[in-house]
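The listed protein sequences derive, respectively, from chains A and B.
To convert, note that position 316 of the first sequence is 316 in the numbering used here; the numbers rise steadily by one, no gaps.
To convert, note that position 136 of the second sequence is 489 in the numbering used here; the numbers rise steadily by one, no gaps.
The beta carbon of each residue, even a glycine, is placed where N, CA and C say it ideally should be.
Bear in mind that the values here come from a model prediction, so they are computed numbers and not experimental data.
Have a look at the structure below, then the notes.
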Amino acid sequence: MGLLRFLGRRMLTFIPTIIGVLFITYIIAYLIPTDPVRAWVGGEKLLNPEALEQVRIKYKFNEPWYIQFSFLVSQLFSGQLEDPIRHRLVVQELGTKFPVTVEVAIFGFLFTVAIGLPLGIIAALKKDTLVDFFVRFFALFGSSMPSFVLYYFLILALFVYTQTTYLAGVPLPSDACTTMIAGLPTSIPVLGHIAFYIGQIPMFGAAFCGEWSVVVETFKRFYLPGLALGMLSGGFIARITRNSLLDALSSEYILFAKARGLPKLWIWRHALKNTLVPIITILGLQFGGLLTGSIIAETVFNIPGMGRYIYESIMRLNFPAIIAGTLLFAIIYVTVNLIVDILYAAIDPRVRY
Amino acid sequence: MPDFVYKALVKVIDLYTRIRDRVNPEWSIRNSPRIREWKLMAYTYSRSPIGLVGGSLVLLFAIIAIIGPALAWQPYWEYKVVENPDLWLSPPCFPPSCSGFPLLGTDEWGRDVFAMIFYGVRISFVISLLIVLIGAPVGIVLGLVAGYKGGVVDEILMRITDMFVAFPGLVLAIAFATVLPQRIRGLLEANVQLRDFLLFLFGLRPEEYGQLASLLSVLLALVIVWWPIYARTVRGSVLSIREQVFVEAARSIGLSTWKILVRHILPNVLSPIIVMMTFDLATAALLSASLSFLGLGPQDPVPELGFMISKAGQYFPERSWHIVVFDGIVLLLIAFGWNLLGDSLRDVLDPKTRRSIEVRLRAKKAGKGGKSD
């Protein structure tokens, strides 16, 4: 009950944050001295003042700013907002871009955990040895490496020389599979909805229909960006893991366990359990960061995800898309924070809300 | 090496105390505990290998940043078109295959990459310093005020920082970096002296003031992204320090809020902030390079490291691996130096760790001495 009340209160404080985020985006848009409509209407239409005027009226550019803002926000929340450059609903655009970013984020997250946790644990258990030194060096190295340089090197090693991956397109499930997933919510009441949303992520959708070749292709396509993201943040996770495990190992209950003569493995297990609390927080925030899309990774690895979409939208002054993307980012941030709070309570029995 | 660094640092401290004594007689006597603590810091720092490596890297790049543009044997605005004079552009090349003696090969303008690195280091070093030195004080002041005043002020300031934190930093920075250049350009056209000063600071020639505007917009964009982290951290520490007895005492004597904040609270929150700033200098250098990599920073012919790598990406890997490798290594080393320095400063600036390190080192020394006797 306490947890529910706490979550409710947190949700309430997040509402002004989200409105503020939207407002900041709008203010940034207002700072631009150029006319965005001219940037949207390209080609021959640019010469036609009537076409310009139509777009201007459609997005309420001839009204005062608060009407523009409320128009954008209300259209956004009702899902009617149209991307003025691609002429599709912004919701649809996000619906195709976001699942790709989720796939990359999952790979990145898996590699981060697979690199960071073992290294951190080994470094803590072999403290002040050569292994420990190398892990700490690797952690500092990861936080000093310019991400794009690392991406180029990985491309050189795994794409150019060994050719184990490719750098174009996104593997999608077959059309039959997609229509099957689209029909799920009407056929099964609640589970169908959940399966529908999970199935929007191409990899899971394909696995759901049993199209394993698509899953394998997805792995081949996305393990490289995943590895790159994992190498960059793995060192950081390793450092956190090391420090928190060292804290746990030097506490009194471990001393007691040693005094009782428990086997080493048991002692480590006790320590690890308490180590997890801070790591879960950091990992949750990392995953949230990955979900917003790594712009540079998506540019270098040619991934049509959220980060690239937002970047291109900013470059072309595509405000409807930017506002929608920002809203999604803010929602992700809020949800990730909430989930981390819940996990906190689940792992650590001392935490009560 | 450690002894030399220790002696040099002690000399600097002595010089400073002598100057303070000249201005304010008996200052060193009244502040002798503080001076002893500084010398202890110098001792622990000089004994940490990580710190020495980081410090020398930072020093090396600082020297390159200061005298680099004067040393570069080829100005960045002199294009030598080596291979295809009629095409103007030529693919980058590495020594055995290209004419002349470019040390680290050339870029597509036919300029020596090594000479361009001198300019690049200057830009990267100056921009990261400016980002942190502008962003951190803003955050520190707001954090101090929010934490000490509490109540409505605190609530409003923290909600604002929340908004900034909820954004992915790079996206917000990109948005500002796209929007700002035109505004800044107008400002620069109006202020000729400011423009010349900034051009000198970045090591650019007067013709490049258009590029300067986009460089400054990257700078401003990152400053806007930067301050909330400091505001949050400082506020957190102020909240706990505010309740302590010495602050209560200062308040009861009737000191002004400003004086309490600056003289009594700030020194107590400063050391973790300095460590954070050192780490952030690395991040700022990397992020500003990332923004230029995305094409938001200065354009041709300014040899910004991130921008040069992004151009080299088009020819990667056959013709331009050397640009990615060498510029990448330089960026890596700049960030690495700051990170190493920050790692050792964390130990040096924390009074407890400082003491324990000193005790351990002295014990080790005594043990060794005992054996040899």
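Under 8 Å between C-beta atoms of residue i and residue j
i	j	result
N274/A	A248/A	yes
R371/B	G500/B	no
V37/A	L291/A	no
L119/A	G226/A	no
T631/B	R585/B	no
V170/A	A321/A	no
M354/B	M661/B	no
I188/A	F208/A	no
A566/B	L541/B	yes
Opening and closing residue of the alpha helix (DSSP H) in which residue i lies
i	result
Y197/A	V190 to G199
V100/A	V90 to L125
T335/A	F319 to I347
D128/A	That residue, D128/A, is in no alpha helix (DSSP H); it is neither H nor E in DSSP.
H87/A	That residue, H87/A, is in no alpha helix (DSSP H); it is neither H nor E in DSSP.
N274/A	K264 to L291
C177/A	D175 to A182
G681/B	W674 to L702
M145/A	Segment: none, M145/A is in no alpha helix (DSSP H) and carries neither H nor E.
Y369/B	P355 to V376
Y309/A	M306 to M315
Rounded separation between residue i and residue j - CA only
i	j	result
T335/A	V21/A	15 Å
G723/B	K717/B	With a pLDDT of 46 at G723/B, under the threshold of 50, the modelled position of that residue is not reliable, and no figure is offered here.
L3/A	V340/A	13 Å
A297/A	I487/B	29 Å
I676/B	R616/B	49 Å
R383/B	N377/B	11 Å
I122/A	T112/A	16 Å
I537/B	P84/A	28 Å
Q80/A	F69/A	15 Å
L158/A	Q54/A	50 Å
D175/A	G556/B	57 Å
P490/B	I710/B	31 Å
L614/B	S147/A	39 Å
V498/B	L533/B	29 Å
Y562/B	D549/B	9 Å
N337/A	F287/A	11 Å
I314/A	V678/B	30 Å
V466/B	L551/B	24 Å
R10/A	P704/B	37 Å
L232/A	Y66/A	42 Å
W391/B	L702/B	10 Å
T531/B	L644/B	10 Å
Proximity test, Cβ basis, 8 Å: residue i and chain B
i	result
P16/A	yes
I314/A	yes
V41/A	no
T162/A	no
V149/A	yes
P146/A	yes
S250/A	no
S244/A	no
G20/A	yes
G108/A	no
A51/A	no
I240/A	no
F329/A	yes
Where residue i sits in the DSSP three-state scheme
i	result
T636/B	helix
E82/A	strand
D35/A	coil
C446/B	strand
D465/B	strand
T459/B	strand
Q75/A	helix
Y360/A	Because residue 360/A is not part of the residues shown, which for chain A are 1 to 353, the question remains open.
CB contact check: residue i to chain A, cutoff 8 Å
i	result
A603/B	no
I476/B	no
S567/B	no
L523/B	yes
I470/B	no
P670/B	yes
G723/B	The predicted position of G723/B is uncertain, since its pLDDT is 46 and thus under 50; a value taken from the coordinates is nonetheless stated next. Not one chain A Cβ lies under 8 Å of G723/B.
R512/B	yes
Near the ligand MG: residue i beta-carbon under 7 Å from a heavy atom
i	result
A719/B	Of the ligands one can find in the structure shown there are none, so the ligand MG has no counterpart to examine.
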